[in-house]
Amino acid sequence: MKVSTQIIRSRDWIDAHQVEIDDLLASSDLENFYFSTPWLQEWLKRQAPATQIIIIVARSHTGKLVGFWPFVERPGLLGTKGLWPFVYDEANYFHPVCMFDAALPLINGLESLLGEFLFCWIPLMQDSFWSAYFESKIAVSKFLTIHRKPRNTSFLVPSKNTSFEDYWSLRVGGKTRKSYRYDQKSLAGKGNIRVDVFTTFDEVRTTMPATCVVEVESWKSKERAGLYTARGKRGFFFDLLPKLAGQGRVHLSVLQVDEQPIAWQIELVGKQSIGLHHLAFDDGWKKYSPGKQLLQYRLQQIWREGKAVDFLPGHFDYKDKLASVVEPVHELHWFRKTWRGYLARRLILGNIKVRKKIREKAKETKVNKIRKSVLQDSDQS
């Protein structure tokens, strides 16, 4: 397929081409949960009016939209400017939405912008996109790069010849399965247990206040890592999630005991997979493992629907344990080859090194704290 690209700088382009974008998402070879129109529109509304957007658009010879890659302009070093992806503070993937034939033209379009911008930053790209298209391009690029594999993505891909029960038995040890059954039985003794999966605009909008009940009592919120912790995020998701549901792009799963929500999960719906964007539970019910119970229930349902589960990038042991496939995700900084580019690359590498040391120090402090607590308990006994 012959593909041509165009650089769009209009804030109105997404609204004006919403139908085209949605049609592409429904048929694209490379999908991205976070580049649907509700994500783009709601996120852009919360940016400063002066925010400049740059969208790389790919069209076939007939004019059909076959790919797009949205970015925003950000200030760079010494009065320069760089490109960051849309939804950079919320999304877990930043590769484009496109047909296979449009992938390289989009990358070429991005490369052409390095004549205007000092750098571009793509935090997380799926390995399939990187390996098939970007890796070979970077190998012959005349520009400076920083390439890392900062995280992994875990996938649970159902097998037609295997039941979920058999797969669960294979991946989860006997001791853990016994613990799950005990938690389920214990929780059932506390009241009427129900899992609801909300899929429509009205259902999701009505359910949003209940999610706050769980979030407030979750350990994530107490450690400032909850979905609504950052200022303005609750309003963002209250507006976003019903609109995603209106397009069939999100499910909200809620575990309840006698009508009291104690765990909930956001599931982003793609053409071929379900992305688990968020899972939280009420810490007061922690001993019953409500998050694990909800996750197991939904994994079983999704398996039977024949869709893959994308656990999305993140460092959690349970993801690797339950996954059938684990792949790296890729981060790329791409710099213009000037003295400012060299300096920017050096500064970013230094920042990466400092942040790594901070994380290692925090991990060491946490381990020492746990060790001290264990020793104190031992002395007391």
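No gaps in the numbering here: position 326 of the sequence shown is 350 in this note's numbering, and each next residue is one more. Ideal Cβ placement from N, Cα and C applies to all residues, glycine included. This one's a predicted model, so the numbers in the text were calculated from it and none came from an experiment.
| Query | Result |
| --- | --- |
| Mark T169 as exposed unless 16 or more other C-beta atoms lie within 10 angstroms of its C-beta, in which case mark it buried. | exposed |
| Note down, one range per segment and in chain order, each alpha helix (DSSP H) of at least 4 residues found wholly within the segment 215 to 272. | 225 to 240, 243 to 246, 257 to 270 |
| Where do the ends of the alpha helix (DSSP H) carrying D133 lie? | Note that residue 133 is Gly in the sequence shown, not Asp. That run of the alpha helix (DSSP H) goes 127 to 136. |
| What does the alpha-carbon distance come out to for the pair L265 and N116? | 16 Å |
| Quick one: Cα of E351 to Cα of I290, how far? | 22 Å |
| On the criterion of 16 or more Cβ atoms from any shown chain inside 10 Å, does M25 qualify as buried, or is it exposed? | exposed |
| Measuring straight from C-alpha to C-alpha, what distance separates F335 and E135? | 30 Å |
| On the premise that L130 lies in contact with T29, defined as a C-beta separation below 8 Å, what is that separation, rounded to the nearest angstrom? | 7 Å |
| For H368, count neighbouring Cβ atoms within 10 angstroms of its own Cβ and tell me buried if that reaches 16, exposed if not. | Sequence check: residue 368 is Ala here, not His. It counts as buried. |
| Note down, in chain order, each residue of its chain lying with its Cβ closer than 6 Å to the Cβ of N216, except the 5 sequence neighbours on either side. | D282 |
| With H, G and I counted as helix, E and B as strand and the rest as coil, what does DSSP make of S155? | helix |
| If you reduce the DSSP assignment to three classes, tell me which class Q284 lands in. | strand |
| Do Q296 and K331 come within 9 Å of each other at the CB atom, strictly closer than that value? | yes |
| Quick check on H275 - is its C-beta less than 9 Å from some C-beta in chain D? | No chain D is part of this structure, which consists of one protein chain only. |
| Would you call L142 buried or exposed, if buried means 16 or more other Cβ atoms sit within 10 Å of its Cβ? | buried |
| Could you compute how far the alpha carbon of R383 sits from the alpha carbon of I376? | 11 Å |
| If you draw a straight line from the C-alpha of L54 to the C-alpha of A126, how long is it? | 10 Å |
| By how many angstroms is the C-alpha of E66 removed from the C-alpha of R273? | 15 Å |
| Let's test the definition: count the other Cβ atoms within 10 Å of the Cβ of F340 and tell me whether it reaches 16, buried, or not, exposed. | exposed |
| Give me the Cα-Cα distance between K199 and L318, rounded to the nearest whole angstrom. | 19 Å |
| Closest by CA to F59, which one among R98, E114, R258? | E114 |
| I'd like to check one pair, G270 with F222: are the Cβ atoms closer than 9 Å? | no |
| Who pairs with V333 in a beta bridge, going by DSSP? | L180, I298 |
| Check for me: the beta strand (DSSP E) holding T200 runs from which residue to which? | Counting along the chain, T200 falls outside any beta strand (DSSP E), though it belongs to the alpha helix (DSSP H) covering 198 to 212. |
| Output yes or no for whether 9 Å exceeds the beta carbon distance between D306 and E241. | yes |
| Taking the alpha carbon of C236 as the point to measure from, which residue in L211, P99, P285, D207 has its own alpha carbon closest? | P285 |
| Mind checking whether F124 and F110 have CB atoms under 9 Å apart? | no |
| What residue does the beta strand (DSSP E) around Q76 start on, and which one ends it? | Where Q76 is concerned, there is no enclosing beta strand (DSSP E), given that its DSSP letter is neither H nor E. |
| Assuming F179 and V293 are in contact, meaning their beta carbons sit under 8 Å apart, how far apart are those beta carbons, in whole angstroms? | Actually they are not in contact, since the Cβ atoms of F179 and V293 sit about 15 Å apart, beyond 8 Å. |
| Have a look at the DSSP bridge pairing and note the partners of P147. | None; P147 has no bridge partner. |
| Taking 8 Å as the cut-off, does the segment 356 to 364 touch the segment 309 to 325 (at least 3 CB pairs, one atom from each stretch)? | no |
| Can you find at least 3 beta carbon pairs, one from the segment 146 to 156 and one from the segment 185 to 197, that sit closer than 8 Å? | no |
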